[in-house]
Amino acid sequence: DQQVKQNSPSLSVQEGRISILNCDYTNSMFDYFLWYKKYPAEGPTFLISISSIKDKNEDGRFTVFLNKSAKHLSLHIVPSQPGDSAVYFCAGLNTDKLIFGTGTRLQVFP
Amino acid sequence: KAGVTQTPRYLIKTRGQQVTLSCSPISGHRSVSWYQQTPGQGLQFLFEYFSETQRNKGNFPGRFSGRQFSNSRSEMNVSTLELGDSALYLCASSYGGTGNTEAFFGQGTRLTVV
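Chains S and Z supply the protein sequences, listed in that same order. No gaps in the numbering here: position 85 of the first sequence is 1010 in our numbering, and each next residue is one more. No gaps in the numbering here: position 71 of the second sequence is 72 in our numbering, and each next residue is one more.
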């Protein structure tokens, strides 16, 4: 039972453009949603989170949008940079238990 | 402040053996969670320990077990290894308090079962 789904395994975006990574969930009990970024041979690094009672959270180039009625969240990166190339995981948090999606590999090309 | 430390970084074991992985959390963090990452499956939650007690558990067989010590360090044990246990095992630490959202991950232990 995949409670958090990232249906796009990969995304390719030109430098300077917007990257939009999507995530769907089925569990209505998540308190927070988080985005993590992972480079090869490293552990995931926390990027940004959003409370389930909010619909938007912004931190620099990163903005997360939450649509509770659609059970959908998205991460926007503007402008995209080559250093953003990595695998991005979204996760739902429920009572200190993180449930991750399968990840989306973002490649930002010059 | 030191980050999350996992040892060893790489491990090769044969089927049927057992293995113990170690995780030292960030100082002051009381919650340690373990995850398994395999291609196509993302990060799957194994279990979470807080103050030496298992507080959450994922859907893994009983061959996967863990424990946490009084200094918050945690170990994960896998008995009777199977080829499918080959994966990157990650641990994450956090304060573990209500509403805390940020977990910090270690670099992981790459386990290969042959």
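Every residue, glycine too, gets a C-beta built ideally from N, C-alpha and C.
| Partner residues on chain S for Gln108(Z), Cβ-Cβ distance less than 8 Å | Within the second sequence, residue 108(Z) is the residue found at index 107, counting from 1. What Gln108(Z) touches in chain S: Ala966, Glu967, Gly968.
| Within chain S, the residues that Ala88(Z) reaches when beta carbons sit closer than 7 Å | Counted from its first residue, the second sequence places residue 88(Z) at position 87. Residues of chain S passing the Cβ test: none, with the nearest at roughly 14 Å.
| Excluding sequence positions up to five away, which residues of its chain have a Cβ less than 7 Å from the Cβ of Pro1007(S)? | For this step, residue 1007(S) is matched to residue 82 along the first sequence. Closer than 7 Å at the Cβ level, and outside the excluded window around Pro1007(S), lie Glu940, Val1033, Pro1035.
| query | Since Ala3(Z) meets chain S, which of its residues come closer than 9 Å, beta carbon to beta carbon? | reply | The count along the second sequence starts at 1 and reaches residue 3(Z) at position 2. Within 9 Å Cβ-Cβ: nothing; Ala3(Z) doesn't reach chain S, min ~14 Å.
| field | Interface residues of the stretch 24–48 of chain Z facing chain S [CB-CB below 8 Å] | value | Ser32, Ser34, Tyr36, Gly41, Gln42, Gly43, Leu44, Gln45, Phe46
| said: I want to see whether chain Z comes within less than 9 Å of Ala1011(S), judged by CB atoms only; does it? | reply: Translated into the one-based positions of the first sequence, residue 1011(S) becomes position 86. Not closer than 9 Å to any Cβ of chain Z, the Cβ of Ala1011(S) fails to qualify, so no.
| message | Do Arg31(Z) and Gly109(Z) count as a contact pair if the criterion is CB distance below 9 Å? | response | The residue you call residue 109(Z) lines up with position 108 of the second sequence. The residue you call residue 31(Z) lines up with position 30 of the second sequence. Not in contact: Gly109(Z) and Arg31(Z) (Cβ atoms no closer than 9 Å).
| message | Tell me the residue span of the beta strand (DSSP E) that contains Met954(S). | response | If you number the first sequence from 1, residue 954(S) lands on position 29. Careful: Met954(S) lies outside any beta strand (DSSP E) and carries neither H nor E.
| request: Give the residues of chain S in contact with Glu83(Z), contact being defined as C-beta atoms less than 7 Å apart. | output: Taking the second sequence and counting its residues from 1, one reaches residue 83(Z) at position 82. Per Cβ cutoff of 7 Å: no residues; Glu83(Z) is ~21 Å from chain S at best.
| request: Go through its chain and collect everything with a Cβ distance to Gln69(Z)'s Cβ below 7 Å, but skip five positions before and after it. | output: Stepping through the second sequence from its first residue, residue 69(Z) is reached at position 68. Within the same chain, Gln69(Z) has close Cβ partners Val33, Tyr50, Glu53, Ser75.
| task | Please go through the same chain and pick out, in chain order, the residues whose beta-carbon is closer than 8 Å to the beta-carbon of Lys979(S), but skip the five residues on each side of it. | result | The count along the first sequence starts at 1 and reaches residue 979(S) at position 54. Once the five neighbours on either side are set aside, the close Cβ partners of Lys979(S) are Leu991.
| request: Starting from the beta carbon of Gly1028(S), find every residue of chain Z whose beta carbon is closer than 7 Å, and list them in chain order. | output: Here the question's residue 1028(S) lines up with position 103 in the first sequence. By Cβ distance, chain Z contributes Gly43.
| Is the CB of Ser974(S) under 9 Å away from at least one CB in chain Z? | The residue given as residue 974(S) occupies position 49 in the first sequence. Chain Z, which has a Cβ nearer than 9 Å to the Cβ of Ser974(S), makes this yes.
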